[in-house]
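Report on the following structure.
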Amino acid sequence: MKHVVVYFSQTGNTKKVGEVIRDAIESIAGQCDIVRMEEADIKVLGGYDLIGLGCPTFAYAEPANVKAFIRTMGPLKGKQSFIFSTYGGHPGNVLPSMARKLRRQGLKVVGGFNCDGWDHMPHYTSPWYTEGHPDEVDLKAAAYFGREMAQRSRMINGGEKVSLPKFQWLKGFYEEGPKTTQVNRPLSRDFKIKMTVDTKECRYPKCRLCVDNCPVNAIDLSVSPVVFRKGCISCYFCEMLCPTGAIEADPASVKAHQQGTIEMLLQRKYPEFFEKAKTELIDNRSTLYRMLVDRVEIGNMLTMYEEFLDKRPRYIIRK
Ligand SMILES: Cc1cc2nc3c(=O)[nH]c(=O)nc-3n(C[C@H](O)[C@H](O)[C@H](O)COP(=O)(O)O)c2cc1C
Ligand code: SF4
Ligand code: SF4
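So for the sequence shown, the numbering used here puts the first residue at 7; every next one is plus one.
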């Protein structure tokens, strides 16, 4: 049997998990390749028996470029697959959503895994409560999952009857019920952000950070006026990498998103989130819960955010 892990990752969390899963599969099956989704060729994937697909969680689901990739996977009908994801706050429906789409393409989904991932989004406090994740514990769990996938896949291939996992769709995302999605709805809507470039501040072609790291090649700075091709997945990555602040997300939508996050925190609509933050505080791993205990401190989050808006670059890629 041949195995491969395909991943999309911007800040390296999902890549870390993917690499551990790859090593774990290799330790059981003797072989497993790994490839960035941007470089994955469906024809080449056709030569594998088990295909893992991993990505970060964007707006409680898989990013739009991953959705588009899954739509091209029809020729892999009948193959076994597994899914994995990292998330910075709440995974929402990322696994059920990916599983549903892969199954629609005719692939068998034999397992799913997700874990915390350090969230570098401009809207959040620093340190965010998933800072440092995936950590040792997450990666141990990922290795366990990888070994399980290799074994399960071998059993299925050998004709053994193995029950396939069900991925439960979370209604309204928060288990409390549909009303609470009122907080969530504006968050998702505001992910549709508009990007602009101030050509006076831009150092292109000396700098190509945004062009080279846009996951969907949406940015063309070689022409005037600058072109943002269709297909931007609203990931903020270009904006976060830009050293001068030349490329900017529409500030109104960023602010609305930030406001939504603060409201969510203030209204305590997120029981799981608070439980987890509390545990991490006990483990001395996060200061977020301490910050959330007092409304005044939450007020500071807005100030922190204003300061953050002046910080450039907001994120540096480390190899
Ligand atoms: C545009 C965008 C949207 C995101 N949406 C969510 C979300 O809905 N829920 C969540 O828990 N984390 C969300 N995150 C955080 C990422 O899922 C998390 O940081 C992930 O581990 C990043 O993976 P990577 O390092 O492989 O890129 C979002 C991040 C970005 C950039
Ligand atoms: S243009 Fe920017 S926000 Fe849009 S997909 Fe590319 S990197 Fe992400
Ligand atoms: S990252 Fe900023 S400075 Fe660099 S090319 Fe893009 S817009 Fe210009």
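Note that the Cβ used here is the ideal one computed from N, Cα and C, for glycine as well.
Just so it is clear, the structure is predicted and the values come from calculations on it, not from any experiment.
Exercise. Three-state secondary structure (DSSP) at M297?
Worked result: The pLDDT assigned to M297 is 47, lower than 50, so where the model puts this residue is not dependable; a value taken from the coordinates is nonetheless given after this. The answer is helix: DSSP assigns M297 an H, G or I state.
Exercise. Hey, how far is the Cα of M246 from the Cα of R318?
Worked result: 8 angstroms
Exercise. So Q37 packs on C241, CB below 8 angstroms; how close in whole Å?
Worked result: Actually they are not in contact, since the Cβ atoms of Q37 and C241 sit about 32 angstroms apart, beyond 8 angstroms.
Exercise. Does ligand 1 have a heavy atom nearer than 7 angstroms to the CB of N99?
Worked result: no
Exercise. DSSP state of I40, grouped into three classes?
Worked result: strand
Problem set entry | K206 to Y150 span [Cα, whole Å] | 51 angstroms
For this session: Identify whether T205 lies in helix, strand or coil by the three-state DSSP scheme.
Result: coil
Problem set entry | beta-carbon F151 near ligand 2 non-hydrogen atom, thresh 7 angstroms | no
Problem set entry | Whole-angstrom distance between F88 and L215, CA atom to CA atom | 32 angstroms
Exercise. If you follow the alpha helix (DSSP H) that Y150 is part of, which residue opens it and which one closes it?
Worked result: 142-163
Problem set entry | Outcome for V23 when other beta-carbon atoms lying within 10 angstroms are tallied against a minimum of 16 | buried
Exercise. Which residues in the same chain have their Cβ closer than 8 angstroms to the Cβ of G53, if we skip the five residues on either side of it in sequence?
Worked result: K8
For this session: For G80, count neighbouring C-beta atoms within 10 Å of its own C-beta (all shown protein chains included) and say buried if the count is 16 or more, exposed if not.
Result: exposed
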